[in-house]
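Numbering (our numbering), first residue to last: 550 to 859.
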């Protein structure tokens, strides 16, 4: 798939302008058109000379279209979005008193196969391009008429299974000349692709890392998360420790409480023994039940007891 113009970094915009025989600063203006003005049609960039616009019009520009917006009583909204090839993804807008968070998708479908997750029930289609991830941010800001101040890569897909495009997205959304979002306001969630964690660590980003743990033994984790057959919990935690040592960023361990499966006293004991130190934050989540998974969420009182014991 040809790289779209609205996925060019500032340096790439400048290089492209030079290759076309124009001054480098025209590349700055091209980047500004896509990432500050948030325009799609390059012919509308009248600050650029006509010859430049006509040349730049040959660059593909990818975007997303709104199919449906499902609103919640708490102010959050789930968007069903169409991509240019007809595939569909979703993104979720979550407003809070002190921030606005957007949960973005990184793939069409998911191949990780976690049994309790609705996102993996659709067949994997393809990876999203960086501009398709970024367009989720730009368009929801437009539709909600408010800036997004936090981004979580927790929508459809496994971010570390689409490493290069996710990394390009992070560089684009944090570019000082563009949206200029702080890296510290981005959280990447993974089911535990250990090589990807080490690779991400070497990028020396200040983003937050979230790991889907959901079990305290490899045997139980394998029952719901196929990735556990490749990487055991000890390997995942070793990668987390290395990530914290390299970046200083705390790791959030996502733990969906499934009644009778991972809400036992022995789970509390394992956590209190193995998840010790400033690098770990445990996020207890009530399971959102789906038809394809027979498990049930621990009840509210059980979750409260679990949290109190932990």
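All residues carry an ideal CB built from backbone N, CA and C; glycine is no exception.
DSSP places residue 578 in the helix class (H, G or I) of the three-state scheme. Residue nearest to residue 806 within the set 765, 658, 615, 593 is 765 (criterion: CA-CA distance). Remark: three or more beta-carbon pairs, one from each stretch, lie closer than 8 Å, so the segment 700 to 715 and the segment 729 to 748 are flagged as touching. Between residue 655 and residue 715 the beta-carbon gap is near 6 Å, inside 8 Å, which marks them as a contact. Along the segment 595 to 676, the beta strand (DSSP E) occurs as fully enclosed runs of 3 or more residues at 614 to 620, 626 to 631, 637 to 644, 649 to 652, listed in sequence order. For residue 701, the uninterrupted beta strand (DSSP E) segment begins and ends at 699 to 702. Distances from the CA of residue 781 to each of 772, 790, 767 were compared; the closest alpha carbon is that of 767.
Taking the CA atoms as reference points, residue 660 sits about 14 Å from residue 777.
When the alpha-carbon of residue 647 is set against those of 793, 852, 663, 696, the nearest one is in 696. Of the residues assessed, residue 753 falls on the exposed side of the cut-off, its CB having fewer than 16 other CB atoms within 10 angstroms. Secondary structure of residue 788 (DSSP, three-state): helix. Assignment of beta-bridge partners to residue 729 by DSSP yields no partner. Burial of residue 708 is indicated by the presence of at least 16 other C-beta atoms within 10 angstroms of its C-beta. The shortest C-alpha to C-alpha distance from residue 662 to any of 770, 750, 561 is the one to 770. Listed in chain order, the non-local C-beta contacts of residue 585 below 6 Å within the same chain number zero, local neighbours out to five positions each way being set aside. The beta carbons of residue 576 and residue 636 sit no closer together than 7 Å.
Between residue 679 and residue 712, the CB-CB gap reaches or exceeds 7 Å. Boundaries of the beta strand (DSSP E) around residue 830: 829 to 835. With 16 or more other Cβ atoms inside 10 Å of its own Cβ, residue 668 counts as buried. Comparing alpha-carbon positions, the option among 583, 677, 578, 625 lying closest to residue 596 turns out to be 578. The C-beta distance from residue 762 to residue 804 rounds to 5 Å, short enough to meet the 8 Å contact threshold.
Assignment of residue 803 by DSSP, reduced to helix, strand and coil, places it in the strand class. Around the beta-carbon of residue 563, 16 or more other beta-carbon atoms lie within 10 Å, marking it buried.
Taking C-alpha positions only, residue 571 is separated from residue 565 by approximately 9 Å. 556 is the residue among 599, 556, 616 whose C-alpha sits nearest the C-alpha of residue 587.
The C-beta distance from residue 698 to residue 755 rounds to 16 Å, too long to fall under 8 Å, and the pair is not in contact. Per DSSP, residue 764 is not a residue of any beta strand (DSSP E), being assigned neither H nor E.
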